[in-house]
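Numbering (our numbering), first residue to last: 39 to 161.
A virtual CB, placed ideally from N, CA and C, is assigned to each residue, including glycine.
These figures come from a predicted structure and were not determined experimentally.
Reviewing the structure listed below.
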């Protein structure tokens with residue numbers, strides 16, 4: 039008898055056997071995914087883009103760079119970079135919280151079969 043653990047992530051799902059063998063499969067179609075997973079993938083991609091913009095702003099507005107001469111403009115650029123990082127963090131927190139809510143809701147739902155109940159994990 040071999041036990042297995044199943045991981046469901048944003049980009050692929052994996053099954054790990056008790057023997058240590060792991061098999062991962064990328065999702066076949068974007069349209070076949072549930073709407074919450076589609077939204078989570080989109081929000082994470084937007085989060086990465088926004089965070090890259092924040093990183094660029096923080097480099098430009100850094101005290102050790104000469105991209106801008108005026109110190110007040112540098113300070114405002116750094117404040118803008120901080121705001122952009124906060125927006126990126128919120129964009130990441132939305133799908134994480136949404137997925138956690140769905141997992142916890144299904145775990146305590148008596149109508150969900152025990153074999154289909156998911157737990158919070160590394161994926």
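For this session: Name the two residues that bound the continuous beta strand (DSSP E) containing residue 107.
Result: Here residue 107 refers to the residue found at position 69 of the chain shown. Careful: residue 107 lies outside any beta strand (DSSP E) and carries neither H nor E.
For this session: Determine the DSSP secondary structure at residue 49, reduced to helix, strand or coil.
Result: As a working note, residue 49 is residue 11 in the chain shown. Three-state result, residue 49: coil.
Problem set entry | Bounding residues of the beta strand (DSSP E) (the contiguous stretch that carries residue 64) | Within the chain shown, the letter at position 26 stands for residue 64. DSSP places residue 64 inside the beta strand (DSSP E), whose first and last residues are 60-64.
Problem set entry | Beta-carbon contacts of residue 145 that lie in its chain and below 6 angstroms, excluding the five residues immediately before and after | To locate residue 145, count along the chain shown from 1; it is residue 107. Answer for residue 145: 155, listed in chain order.
For this session: Out of 133, 94, 132, state which residue places its alpha-carbon closest to the alpha-carbon of residue 115.
Result: Position 77 of the chain shown holds residue 115. For residue 115, the closest C-alpha among the options 133, 94, 132 is that of 94.
Exercise. Going by C-alpha distance, which of 42, 46, 41 is nearest residue 141?
Worked result: Mapped onto the chain shown, residue 141 falls at position 103. Per the Cα distances, 46.
Problem set entry | Range covered by the alpha helix (DSSP H) that runs through residue 76 | For this step, residue 76 is matched to residue 38 along the chain shown. Bounds of the alpha helix (DSSP H) holding residue 76 are 73-98.
Problem set entry | Beta-ladder partner(s) of residue 44, from DSSP | What you label residue 44 is simply residue 6 of the chain shown in a count that begins at 1. Residue 44 is bridged to 53.
Exercise. Any idea if residue 69 is buried or exposed, counting beta-carbon neighbours within 10 angstroms, 16 or more meaning buried?
Worked result: As a first step, residue 69 is located in the chain shown; it is residue number 31 there, counting from the start. Exposed, by the Cβ-count rule.
Exercise. Using the rule of at least 16 other Cβ atoms within 10 Å of the residue's Cβ for burial, across every protein chain shown, is residue 102 buried or exposed?
Worked result: Looking up residue 102 in the chain shown gives position 64. It counts as exposed.
Exercise. Taking DSSP as the reference, what is the three-state secondary structure of residue 159?
Worked result: Sequence index remark: in the chain shown, residue 159 carries index 121 (1-based). It is coil, neither helix nor strand.
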